[in-house]
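Participant: I'd like to ask you about the structure that follows.
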Amino acid sequence: MSIGISEEHVELASSLRRWAADLRGGELARAAEEDAAATFDTAWAALTGMGVPTIGLPEAAGGGGGTTLDVAVALEACAHELVPGPLLGPAVAAAVLGERLPEDAVVGLASGGLVWDAPSATHVLAELAGGWRLLPVTAVDLTPVSGLDLTRRFGRLSVRDSAAGEPVDLRTDLVRRTAVTLAAAEAAGVARWCLATAADYAKVREQFGQKIGSFQAVKHLCAEMLETAEAVTAVAWDVASAASGDDEQWAFAADVAAAIAFGGAVDVAKSCLQVLGGIGFTFEHDAHLYLRRALALRALVGDGDEAAERVTAAAVAGVRRQVQLDLGGRDEAVRREVRAAVDRIAALPEEERRPALVEAGYLTPHWPPPYGLGADAVTQVVIDQELARAGVDRPDLVIAGWALPTILEHGTAAQRERFVTPSLLGELVWCQLFSEPGAGSDLASLRTRAERVDGGWRLTGQKVWNSVAERADWGICLARTNPEAPKHKGITYFLVDMRNTPGIEVRPLREITGKALFNEVFLDDVLVPDDMVVGEVDDGWRLARTTLANERVAMATSRLSTSTERAVELAAGGVTPAQRVAVGHSIALSTVCSLLGVRSTLRSLAGQGPGAESSVAKLLGVRNRQDGAELVVALHGDRAVLGDDEAVRADVWEMLNTRCLSIAGGTTQVLRNVAGERILGLPR
């Protein structure tokens with residue numbers, strides 16, 4: 004998927020990629036390798052003919068009248084096909100100069116003594132002692148060079164007449180921010196080409212009699228590329244979207260992009276070469292040209308550590324990325340009614356709010372009536388927004404959030420009547436009896452057996468890692484009802500009365516934190532009546548994997564992860580420069596996790612199916628929470644080894660507790676297998 008999410012942007016990206024592929028950028032770059040004065044005239048003529056460099060200029064100035072996001076989508080598509088020659092520099096110049104851009108100009112940006120697009124430039128936008136000036140090439144000496152990026156030319160700048168040209172009232176930080184914004188789009192295009200190229204190669208290349216994509220090491224490498232490419236794409240989309248809004252928000256988004264996008268693109272390009280192996284190391288393959296482009300972008304605008312320091316300073320001052328969803332007026336039909344209902348709920352005493360949310364259908368609006376509203380994506384977002392405005396928090400359903408959708412979709416009318424509303428009201432607490440000592444991520448290998456008896460089933464076996472089992476009223480349990488069937492079949496989905504059924508023993512399981520949040524549950528000839536079977540006998544595996552078709556659409560929070568917020572709090576009290584950089588990178592990653600959620604919501608609002616964001620969000624979210632918790636403990640230094648400070652003890656506990664996140668709900672390694680196979684199409 005490209006930066007763009009709307010139908011128009013998806014089509015723009017697709018059509019530009021098809022068009023740009025015909026330019027054969029790699030071939031042009033190799034042909035001009037030794038020519039420092041190469042201008043790539045054919046590519047520039049094609050670009051100007053398509054109006055790409057001036058998409059963002061007003062129509063009155065001969066441009067396309069597009070937004071910064073329009074420009075970013077176009078630059079990403081061109082970078083994906085490695086269009087050579089001047090484009091990024093002129094696009095930045097067009098963005099900052101607007102109608103002051105000379106007609107048919109190729110403006111090279113000057114940074115110190117280095118100038119972009121030296122051999123092609125008709126003008127140079129340079130910051131001199133007296134401020135910014137737009138200089139004609141007749142006022143400067145340009146010495147072009149063929150350097151790291153073979154698809155572009157840069158040069159050395161010497162100003163002969165600093166009084167020539169036109170003074171331009173520009174803020175230096177605005178020029179830098181614009182360069183980061185548009186360069187991030189190119190980084191996204193590079194990353195996505197490298198990911199697609201590596202995955203496609205891994206599907207067909209054979210070694211040791213197998214496609215290399217079936218090797219777990221290669222599969223994980225490609226999945227990690229997917230994680231990074233999605234992060235790069237998310238920040239590139241966000242900073243381009245923020246460019247037309249609040250200045251403080253754009254600055255924050257730009258620094259997050261600088262901290263993520265350029266190093267990320269380099270990492271994906273390097274991994275692409277690794278997957279390609281020897282063929283990727285040849286000069287004739289385009290992979291090294293993409294690596295060169297990524298390295299050049301990072302050198303030009305992407306000092307991630309400096310950006311991370313600025314992110315920390317902004318976060319300490321209270322800035323968080325706040326993405327505003329444009330509902331395009333589709334919320335007008337429901338906004339007034341929802342706001343009135345939420346205001347009524349907010350006026351109630353705290354203990355009466357949950358029943359009111361349930362009655363209104365606002366606790367689970369995506370569920371079908373009478374338990375929800377069967378709400379579409381827009382209505383769900385509006386309800387989220389209004390609840391947030393009124394300060395009304397939804398209670399967490401915990402395991403009931405897994406059990407009830409299955410009962411709603413596959414259960415009987417009697418089961419729905421008995422369990423759904425009481426659980427929504429908090430009158431029933433649920434636990435999950437899925438995992439076993441020998442069946443964790445490989446859940447289909449479970450051994451708990453269910454034997455047919457008169458009127459029901461007798462369950463015998465051991466379950467483990469069961470949170471809240473010690474106080475649960477009911478449990479959802481998978482047990483094998485047909486031991487002769489293949490392991491993914493012959494499994495049935497049961498509802499177990501945890502309080503009133505003989506033969507159930509719950510033993511607290513003490514974890515590395517020293518506390519017991521999980522349990523072992525032993526089932527010894529436990530009777531489950533027939534009416535507590537959900538769905539069909541032997542069809543439990545399918546039930547365990549299904550969710551309601553009407554998926555929950557959530558409005559992403561602007562708040563960072565718990566540990567990252569704690570790191571910001573500690574940074575406000577004073578840390579070393581290196582620690583400020585580390586905190587900034589944690590803030591950037593936490594922001595990415597929120598952005599992935601926003602993009603997923605926007606896809607739902609656009610009527611599209613889910614993208615890769617949800618899978619990637621799980622993987623990056625785990626990393627963010629674990630790394631953030633470790634960072635907090637590191638910020639305490641040697642105080643972490645002492646036990647006499649309650650706040651430090653709490654931070655150490657959080658760090659130890661988060662180690663379970665990469666194990667629970669499917670290990671990170673298994674999830675990367677799944678991402679590689681289901682999203683990238685790699686062979687099993």
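Add 3 to the 1-based position in the sequence shown for the working numbering, that's all there is to it. Beta carbons are placed, not taken as given, at the ideal position from N, Cα and C, and that holds for glycine.
Assuming Ala-299 and Leu-276 make a contact with CB atoms under 8 Å, what is their CB distance in whole Å?
Facilitator: For the purposes of this step, residue 299 is taken as the residue at position 296 of the sequence shown. For the purposes of this step, residue 276 is taken as the residue at position 273 of the sequence shown. Between Leu-276 and Ala-299 the Cβ distance is about 16 Å, and since that is not below 8 Å, they are no contact.
Participant: To the nearest angstrom, report how far apart Leu-173 and Leu-360 are at their CA atoms.
Facilitator: Looking up residue 173 in the sequence shown gives position 170. Looking up residue 360 in the sequence shown gives position 357. Approximately 52 Å between the Cα atoms of the pair.
Participant: Would you grab the beta carbon distance between Arg-628 and Ser-589 for me? Rounded to a whole angstrom, and I think it's under 8 Å.
Facilitator: In the sequence shown, the residue the question calls residue 628 occupies position 625. In the sequence shown, the residue the question calls residue 589 occupies position 586. Not confirmed; about 10 Å, so no contact.
Participant: Does the separation of the CB atoms of Trp-693 and Leu-303 fall below 9 Å?
Facilitator: Here the chain comprises residues numbered 4 to 687, so residue 693 is not present and cannot be evaluated.
Participant: Among Leu-645, Gly-646, Asp-648, Leu-659, whose alpha-carbon lies nearest the alpha-carbon of Glu-765?
Facilitator: Residue 765 lies beyond the residue range present for the chain, which begins at 4 and ends at 687; the question has no answer from this structure.
Participant: How big is the Cα-Cα spacing for Asp-654 and Arg-195?
Facilitator: As a working note, residue 654 is residue 651 in the sequence shown. As a working note, residue 195 is residue 192 in the sequence shown. Going by the C-alpha atoms only, they are around 37 Å apart.
Participant: Would you mind stating whether Asn-503 and Asn-469 have Cβ atoms separated by less than 9 Å?
Facilitator: Counting from one through the sequence shown, the residue named residue 503 turns up at place 500. Counting from one through the sequence shown, the residue named residue 469 turns up at place 466. No. Outside cutoff.
Participant: How big is the Cα-Cα spacing for Leu-198 and Thr-231?
Facilitator: As a working note, residue 198 is residue 195 in the sequence shown. As a working note, residue 231 is residue 228 in the sequence shown. Whole-angstrom Cα-Cα distance: 9 Å.
Participant: Output needed for Cys-244: all residues of its chain with C-beta closer than 6 Å, excluding positions within five of it in sequence on either side, in chain order.
Facilitator: As a position in the sequence shown, residue 244 is number 241, starting the count at 1. Looking at the sequence itself, residue 244 is Ser, so the reference to Cys does not match. So the list reads Leu-72, once near-sequence residues are dropped.
Participant: To the nearest angstrom, report how far apart Thr-671 and Ala-256 are at their CA atoms.
Facilitator: Locating residue 671 in the sequence shown gives position 668, where the first residue counts as 1. Locating residue 256 in the sequence shown gives position 253, where the first residue counts as 1. Looking at the two C-alpha atoms, the distance is approximately 28 Å.
Participant: Hey, how far is the Cα of Leu-638 from the Cα of Asp-647?
Facilitator: Taking the first residue of the sequence shown as position 1, residue 638 is located at position 635. Taking the first residue of the sequence shown as position 1, residue 647 is located at position 644. If I take the Cα positions, the gap works out to 17 Å.
Participant: Can you tell which of Arg-545, Val-207, Ala-237 has the C-alpha that lies nearest to the C-alpha of His-413?
Facilitator: The residue labelled residue 413 in the question sits at position 410 within the sequence shown. For the residues Arg-545, Val-207, Ala-237, the minimum Cα distance to His-413 belongs to Arg-545.
Participant: Give me the DSSP bridge partner(s) of Glu-209.
Facilitator: As a first step, residue 209 is located in the sequence shown; it is residue number 206 there, counting from the start. DSSP lists Lys-214 as partners of Glu-209.
Participant: What are the start and end residues of the beta strand (DSSP E) that includes His-126?
Facilitator: By one-based count along the sequence shown, residue 126 stands at place 123. Unbroken beta strand (DSSP E) run through His-126: 126 to 131.
Participant: I'd like to know if the segment 450 to 468 and the segment 401 to 419 are in contact, where contact means that at least 3 CB-CB pairs between them fall below 8 Å.
Facilitator: At 8 Å Cβ cutoff, the stretches do not touch.
Participant: Looking at the structure shown, is Val-509 part of a helix, part of a strand, or coil, going by DSSP?
Facilitator: For the purposes of this step, residue 509 is taken as residue 506 along the sequence shown, with counting starting at 1. Val-509 falls in the strand class under three-state DSSP.
Participant: Asp-144 lies in the beta strand (DSSP E); which residues open and close that run?
Facilitator: Here residue 144 refers to the residue found at position 141 of the sequence shown. Taken as a continuous stretch (DSSP letters only), the beta strand (DSSP E) holding Asp-144 covers 143 to 148.
Participant: Is the closest heavy atom of the ligand SAM to the C-beta of Ser-589 under 8 Å?
Facilitator: The ligand SAM is not part of the structure shown, which contains no ligands of any sort.
Participant: Using only CA atoms, which one of Glu-10, Thr-236, Ala-23, Asn-485 lies nearest to Thr-45?
Facilitator: Indexing the sequence shown from 1 puts residue 45 at position 42. Thr-45 has its Cα closest to that of Ala-23, out of Glu-10, Thr-236, Ala-23, Asn-485.
Participant: Can you list the alpha helix (DSSP H) stretches of 4 or more residues lying completely in the segment 281 to 362, in chain order?
Facilitator: Fully enclosed alpha helix (DSSP H) runs of 4 or longer: 281 to 284, 290 to 304, 307 to 319, 335 to 349.
Participant: Using a threshold of 9 Å, state whether the C-beta atoms of Arg-8 and Glu-79 are closer than that.
Facilitator: Along the sequence shown, read from residue 1 onward, the residue named residue 8 stands at position 5. Along the sequence shown, read from residue 1 onward, the residue named residue 79 stands at position 76. First, the residue type needs correcting, since residue 8 is Ile and not Arg in the sequence shown. No, the pair does not count as a contact, with Cβ atoms beyond the cut-off.
Participant: For the 8 Å Cβ check, are there 3 or more pairs between the segment 307 to 314 and the segment 261 to 273?
Facilitator: Yes, they touch.
Participant: Arg-163: buried (16+ other C-beta within 10 angstroms of its C-beta) or exposed?
Facilitator: Within the sequence shown, the letter at position 160 stands for residue 163. It counts as exposed.
Participant: Tell me whether Ile-1 is buried or exposed, calling it buried when 16 or more other Cβ atoms sit within 10 Å of its Cβ.
Facilitator: Outside the shown range of the chain (4 to 687) lies residue 1, about which nothing can therefore be said.
Participant: Identify which residue in Leu-431, Ala-393, Pro-372, Glu-389 has its Cα closest to the Cα of Asp-399.
Facilitator: Residue 399 sits at position 396 when you count from the first residue of the sequence shown. With distances taken between Cα atoms, Asp-399 lies closest to Leu-431.
Participant: Of the residues Val-314, Leu-292, Phe-525, which one's Cα is nearest the Cα of Asp-152?
Facilitator: Taking the first residue of the sequence shown as position 1, residue 152 is located at position 149. Of the candidates Val-314, Leu-292, Phe-525, the one whose C-alpha sits nearest the C-alpha of Asp-152 is Leu-292.
Participant: Kindly indicate which three-state DSSP category Lys-466 falls into: helix, strand or coil?
Facilitator: The sequence position of residue 466 within the sequence shown is 463, counting from 1. Correct three-state label for Lys-466: strand.
Participant: With respect to the beta strand (DSSP E) encompassing Gly-158, which residues constitute its N-terminal and C-terminal limits?
Facilitator: For the purposes of this step, residue 158 is identified with residue 155 of the sequence shown, where counting begins at 1. Counting along the chain, the beta strand (DSSP E) containing Gly-158 begins and ends at 157 to 162.
Participant: I need the straight-line Cα distance from Gln-383 to Gly-332, nearest angstrom please.
Facilitator: For the purposes of this step, residue 383 is taken as the residue at position 380 of the sequence shown. For the purposes of this step, residue 332 is taken as the residue at position 329 of the sequence shown. One C-alpha to the other measures close to 15 Å.
Participant: My guess is that Ala-380 and Leu-185 are in contact by the Cβ rule of under 8 Å, so how many angstroms apart are they, rounded?
Facilitator: Translated into the one-based positions of the sequence shown, residue 380 becomes position 377. Translated into the one-based positions of the sequence shown, residue 185 becomes position 182. Actually they are not in contact, since the Cβ atoms of Ala-380 and Leu-185 sit about 30 Å apart, beyond 8 Å.
Participant: What does DSSP give as the partner residues of Glu-439 in its beta bridges?
Facilitator: Position 436 of the sequence shown holds residue 439. Glu-439 pairs with Ala-442.
Participant: Between Glu-514 and Asp-203, what straight-line distance do the alpha-carbon atoms span, to the nearest angstrom?
Facilitator: The residue you call residue 514 lines up with position 511 of the sequence shown. The residue you call residue 203 lines up with position 200 of the sequence shown. Looking at the two C-alpha atoms, the distance is approximately 42 Å.
Participant: By how many angstroms is the C-alpha of Gly-377 removed from the C-alpha of Ala-552?
Facilitator: The sequence position of residue 552 within the sequence shown is 549, counting from 1. The sequence position of residue 377 within the sequence shown is 374, counting from 1. Unreliable positioning characterises Ala-552 in this predicted model, as indicated by a pLDDT of 37, which lies under 50. A coordinate reading is not provided.
Participant: Counting only runs of 3+ residues fully inside the segment 404 to 438, write out the beta strand (DSSP E) ranges in chain order.
Facilitator: Runs found: 433 to 436.
Participant: Note down, in chain order, each residue of its chain lying with its Cβ closer than 8 Å to the Cβ of Ala-620, except the 5 sequence neighbours on either side.
Facilitator: To locate residue 620, count along the sequence shown from 1; it is residue 617. Within the same chain, Ala-620 has close Cβ partners Cys-596, Leu-599, Gly-600, Ser-603.
Participant: Could you tell me the distance, in whole angstroms, from the CA atom of Ser-18 to the CA atom of Glu-10?
Facilitator: Counting from 1 along the sequence shown, the entry for residue 18 is found at position 15. Counting from 1 along the sequence shown, the entry for residue 10 is found at position 7. Cα to Cα, the separation comes out at about 12 Å.
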